[in-house]
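Undergrad:
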Amino acid sequence: MDALPKNNRKQFIKQTLYLVGFGALANSPVRVLANAEPKTLTVLHTNDWHSRIEPFPKADRNLAGQGGAARRAEVIDQIRKKEKELLLLDAGDIFQGTPYFNFYGGELEYKLMTAMGYDCVTLGNHDFDAGIEGLVKQMPHAGFDFVNANYDFSGTALEGKIQPYKIYRKKGLKIGVFGVGIELNGLVPEKLFGGITYYDPIARANDIAKELKVGKKCDLVICLSHLGNKYKDAKVSDEVLATKTAHIDLIIGGHTHTFLPEPIVYTNVINKKVCVNQVGWAGLQLGSLTYTFEPFVNTGHEMNSSLITLTNIQKI
Amino acid sequence: MQVNYYQSQRVRLLADTLQAENAKAKALIAPYKNKLDSQMNIRIMVAEADFKKDNPEGTLGNMVCDLLMTYAQSQKMPADFCVLNNGGLRIPTLYKGDITVRTVFELMPFENSLVLVKVSGANCAKLFAMIAENDGVPVSGLRMEISEGKAKEIMIQNQAFDPAKDYWILTSDYIANGGDKADALKNPIERKDYPVLLRDILMIEMKKKFYDGETLVPVKDGRITKK
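Read top to bottom, the protein sequences are chains V and U. Note that my numbering numbers the first sequence so that position 251 is 251, with each residue one more than the last. Note that my numbering numbers the second sequence so that position 131 is 131, with each residue one more than the last.
Structural data, given as structure tokens:
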């Protein structure tokens, strides 16, 4: 596009605005032209850490020596050397699965994630395994934000500690991040989450995503979901979330421990593309999505995704 | 603002250079790890072969339920049979070789305690229907055949299931509270809660056997079959 003469550029913008329809008209072409450089944003993500601090034990014939938080930290550090302003996110179930959780209650998990520079996480069902009090007790160790938009924490010790969404500014871009969680009833013993009210994640996601995209004019709207990738029945999942909502660009999923070979792209209710990604569990993989924002158009971006595998084996 | 993806590609990086460990993170982990290792790396049993989580019947689920029944009998608890859930077993395979305290923690990380519930024959039948729908769950003292999604040929302690009788079922507090679709156990005739974790029972029983010179051999005896 840089090769286009100036007049043609204007022509190109007009055509593109026309092609993408009504919503894009809200963007002033003048404002768009003021920032003429394309911008790229890297989003790194994990899900379902499950207290995997150390690499898998020697006795595990499939995964012996694989993963490990110190390796995750090193990979992230290396990427940060090239990409200063990236987003690092997690889709929940940080807790439970190794004695590190039984003995230290999640303290080390949060300290490591803070050291790695996580920006934001959402809550999975296992993050309640030490109860609401157990979760609140570890929060001082977490130097990152917690988001969830479909649990009402009013009257519990978590009230005011978890926001429906957070807006991050990276490289002059505005990125809205919100979270949705799975129905805890029947999944988590009631004594551990009692007092939290669950709301339909689809309705809440639609409200929040609209507020972020239309109201707050975010360039990118990301949903951290602990609903699960998809189910045989009609149970709400990332697939349902992607196809039954508007204004979400990216869903970073968890819960089902799904090793997606590549992100799945769905079409949402307003005929826009939504990307869903999930990277298994135990910190064996780190998802990396790089978005390119086209300033002349401001109606589209490219997305490159890569999967950084902390294992030597192809199949897990 | 509008979003329109026109390219999506994927690069997979499997470089060995990614295997390096971060020194700062390692230093953060070290004191926690050292303290844990002294308690976790203790051998309490030896597995003669791999134990696997499986449906309708798996050697891992059989072993866990059998050990719980052994414990119940040693404590003179009137357990007729034991039922757990597949979701409660958190490793797919317990590998051949040394079983350490850490192994048992990873197998059963939840703080679930032991419960006995006295359940009517009618509710037992509902439980068996749920087990059949789920393609089998870990059990002990119970045998059944799953045929077209239904529970058939049900035997409890080698006697045919009697729907007119009440039975004592050994399970976890999670399942006794109706977790994992076990609604049939929610309102029992009687319930006894024991202040002991399932994980601790496994360790007690493994240590006992190991002290007696025994090791663990995987058992698959057709307690749940599928047609």
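Where is the CB? At the ideal position from N, CA and C, for every residue including glycine.
Let me check understanding here. Comparing Cα to Cα, which of V:Y100, V:F95, V:L63 lies closest to S38 of chain U?
TA: Against the second sequence, residue 38 of chain U aligns to sequence position 38. It is V:Y100.
Undergrad: Out of U:L94, U:E190, U:G87, which has the shortest C-alpha to C-alpha gap to P218 of chain U?
TA: Translated into positions along the second sequence, residue 218 of chain U becomes position 218. Residue U:L94 is the option with its Cα nearest to P218 of chain U.
Undergrad: May I ask which residues mark the beginning and end of the alpha helix (DSSP H) holding D173 of chain U?
TA: Counting from one through the second sequence, the residue named residue 173 of chain U turns up at place 173. That run of the alpha helix (DSSP H) goes 173-176.
Undergrad: Do the region 129-139 of chain V and the region 154-161 of chain V touch if we need at least three Cβ pairs shorter than 8 Å?
TA: Verdict: yes, contact present.
Undergrad: So, is D152 of chain V buried or exposed, given that buried needs 16 or more other C-beta atoms within 10 angstroms?
TA: Looking up residue 152 of chain V in the first sequence gives position 152. The residue is exposed, with fewer than 16 neighbouring Cβ atoms inside 10 Å.
Undergrad: If you compare alpha carbons, which of V:T122, V:K161, V:H126, V:L212 is closest to L184 of chain V?
TA: Within the first sequence, residue 184 of chain V is the residue found at index 184, counting from 1. Nearest C-alpha to L184 of chain V: V:H126.
Undergrad: Which residues of the region 124-138 of chain V have a Cβ closer than 8 Å to any Cβ of chain U? Give them in chain order.
TA: Correct list: D129.
Undergrad: Below 9 Å between beta carbons is the criterion; list the residues of the region 68-79 of chain V that meet it against any residue of chain U, in chain order.
TA: Listed in sequence order: G68, A69, A70, R71, R72, A73, E74, V75, I76, D77, Q78.
Undergrad: So, under 8 Å CB-CB, G176 of chain V and L227 of chain V are touching, yes? Tell me the CB distance rounded to an integer number of Å.
TA: Taking the first residue of the first sequence as 1, we reach residue 176 of chain V at position 176. Taking the first residue of the first sequence as 1, we reach residue 227 of chain V at position 227. Not a contact, Cβ separation roughly 18 Å.
Undergrad: Does any C-beta atom of chain V lie closer than 9 Å to the C-beta of E214 of chain U?
TA: Here residue 214 of chain U corresponds to residue number 214 of the second sequence, with the count starting at 1. So, not an interface residue.
Undergrad: Would you tell me roughly how many angstroms separate the C-alpha atoms of T243 of chain V and P201 of chain V, rounded to the nearest one?
TA: Taking the first sequence and counting its residues from 1, one reaches residue 243 of chain V at position 243. Taking the first sequence and counting its residues from 1, one reaches residue 201 of chain V at position 201. So the two alpha carbons sit approximately 13 Å from each other.
Undergrad: From what residue to what residue does the alpha helix (DSSP H) around A25 of chain U run?
TA: For the purposes of this step, residue 25 of chain U is identified with residue 25 of the second sequence, where counting begins at 1. 23-40 is the extent of the alpha helix (DSSP H) around A25 of chain U.
Undergrad: Taking just the CA atoms, how far does D162 of chain U sit from V279 of chain V?
TA: Taking the first residue of the first sequence as 1, we reach residue 279 of chain V at position 279. Taking the first residue of the second sequence as 1, we reach residue 162 of chain U at position 162. Roughly 48 Å between the two C-alpha positions.
Undergrad: Contact criterion: CB-CB distance below 9 Å. Does I208 of chain V meet it with respect to chain U?
TA: Here residue 208 of chain V refers to the residue found at position 208 when the first sequence is read from its first residue. No, I208 of chain V does not count as interfacial toward chain U.
Undergrad: Count the other C-beta atoms from every protein chain shown that fall within 10 angstroms of the C-beta of S147 of chain U, then say buried if there are 16 or more, exposed otherwise.
TA: Counting from one through the second sequence, the residue named residue 147 of chain U turns up at place 147. Exposed.
Undergrad: Does the distance from the C-beta atom of K209 of chain U to that of T215 of chain U stay below 9 Å?
TA: Residue 209 of chain U sits at position 209 when you count from the first residue of the second sequence. Residue 215 of chain U sits at position 215 when you count from the first residue of the second sequence. The answer is yes: Cβ separation under 9 Å.
Undergrad: For chain V, is any of its Cβ atoms less than 9 Å away from the one on Q9 of chain U?
TA: Your numbering for residue 9 of chain U matches position 9 in the second sequence. At Q9 of chain U, the pLDDT of 39 sits below 50, so the modelled position is not reliable and the matter cannot be decided from this model.
Undergrad: What residues in its chain sit with their C-beta under 6 Å from that of A26 of chain V, if we drop five residues either side in the sequence?
TA: Residue mapping note: residue 26 of chain V aligns to position 26 of the first sequence, counting from 1. With a pLDDT of 35 at A26 of chain V, under the threshold of 50, the predicted position of this residue should be treated as unreliable, and no value is reported.
Undergrad: Mind pulling the chain V residues with CB within less than 8 Å of K208 of chain U?
TA: Your numbering for residue 208 of chain U matches position 208 in the second sequence. Under the 8 Å cutoff, chain V gives no residues; its nearest Cβ is about 22 Å from K208 of chain U.
Undergrad: With 8 Å as the C-beta to C-beta threshold (strictly closer), list the residues of the region 159-179 of chain U near chain V in chain order.
TA: Residues passing the 8 Å Cβ filter: D173, Y174, N177, G178, G179.
Undergrad: Counting C-beta neighbours from all protein chains within 10 Å, is the total for T267 of chain V 16 or more, i.e. buried, or is it exposed?
TA: For this step, residue 267 of chain V is matched to residue 267 along the first sequence. So T267 of chain V counts as exposed.
Undergrad: On the criterion of 16 or more Cβ atoms from any shown chain inside 10 Å, does A142 of chain V qualify as buried, or is it exposed?
TA: Locating residue 142 of chain V in the first sequence gives position 142, where the first residue counts as 1. Classification for A142 of chain V: buried.
Undergrad: Three-state secondary structure (DSSP) at E319 of chain V?
TA: There is no way to answer for residue 319 of chain V, as the model of chain V reaches only from 1 to 316.
Undergrad: Taking beta-carbon pairs under 9 Å, can you tell me which members of the region 77-111 of chain V lie near chain U?
TA: Listed by position, the residues of the region 77-111 of chain V near chain U (Cβ gap below 9 Å) are D77, Q78, Q96, G97, T98, P99, Y100, F101, N102, F103, Y104, E107, L108, K111.
Undergrad: What separation, rounded to the nearest whole angstrom, lies between the Cα atoms of R102 of chain U and P189 of chain V?
TA: The residue you call residue 102 of chain U lines up with position 102 of the second sequence. The residue you call residue 189 of chain V lines up with position 189 of the first sequence. If I take the Cα positions, the gap works out to 24 Å.
Undergrad: Indicate the three-state DSSP secondary structure (helix, strand or coil) for H45 of chain V in the structure shown.
TA: The sequence position of residue 45 of chain V within the first sequence is 45, counting from 1. Reduced to three states, the DSSP call for H45 of chain V is strand.
Undergrad: Cβ of G124 of chain V within 9 Å of Cβ of H255 of chain V?
TA: Locating residue 124 of chain V in the first sequence gives position 124, where the first residue counts as 1. Locating residue 255 of chain V in the first sequence gives position 255, where the first residue counts as 1. Yes, they are a contact pair.
Undergrad: Count the CB pairs spanning the region 162-172 of chain U and the region 69-84 of chain U that are closer than 8 Å, and state whether there are at least three.
TA: Yes: the two stretches touch, three or more of their Cβ pairs being nearer than 8 Å.
Undergrad: Pull up the distance between the alpha-carbon of Y110 of chain V and that of F56 of chain V, whole angstroms please.
TA: Here residue 110 of chain V is taken as the residue at index 110 of the first sequence, counted from 1. Here residue 56 of chain V is taken as the residue at index 56 of the first sequence, counted from 1. Straight-line Cα distance between these residues: approximately 19 Å.
Undergrad: Who are the near neighbours of L310 of chain V in its chain, counting only those whose CB is closer than 6 Å to its CB and skipping five residues on each side?
TA: Here residue 310 of chain V refers to the residue found at position 310 when the first sequence is read from its first residue. Closer than 6 Å at Cβ, skipping near neighbours: G67, R71, L284.
Undergrad: Between V3 of chain U and chain V, is the shortest Cβ-Cβ distance under 9 Å, so that the two count as touching?
TA: By one-based count along the second sequence, residue 3 of chain U stands at place 3. With a pLDDT of 43 at V3 of chain U, under the threshold of 50, the modelled position of this residue cannot be trusted, and the question is left open.
Undergrad: Quick one: is G179 of chain V buried, meaning 16 or more other Cβ sit within 10 Å of its Cβ, or exposed?
TA: Position 179 of the first sequence, counting from 1, holds the residue named residue 179 of chain V. With 16 or more other Cβ atoms within 10 Å, it is buried.
Undergrad: Looking at chain V, is there any beta carbon in it that lies within less than 9 Å of the beta carbon of K33 of chain U?
TA: Walking along the second sequence from the start, residue 33 of chain U turns up at place 33. So, interface residue.
Undergrad: Quick one, which residues of the region 39-61 of chain U are near chain V if we go by CB-CB under 7 Å, in chain order?
TA: Flagged, chain order: M40.
Undergrad: Going by the beta-carbon positions, is the gap between F144 of chain V and M113 of chain V smaller than 9 Å?
TA: What you label residue 144 of chain V is simply residue 144 of the first sequence in a count that begins at 1. What you label residue 113 of chain V is simply residue 113 of the first sequence in a count that begins at 1. Yes; because the gap between Cβ atoms is below 9 Å, this pair is in contact.
Undergrad: Can you pull the chain V neighbours of G97 of chain U, defined as C-beta to C-beta under 7 Å?
TA: Translated into the one-based positions of the second sequence, residue 97 of chain U becomes position 97. Those within 7 Å of G97 of chain U in chain V are A59.
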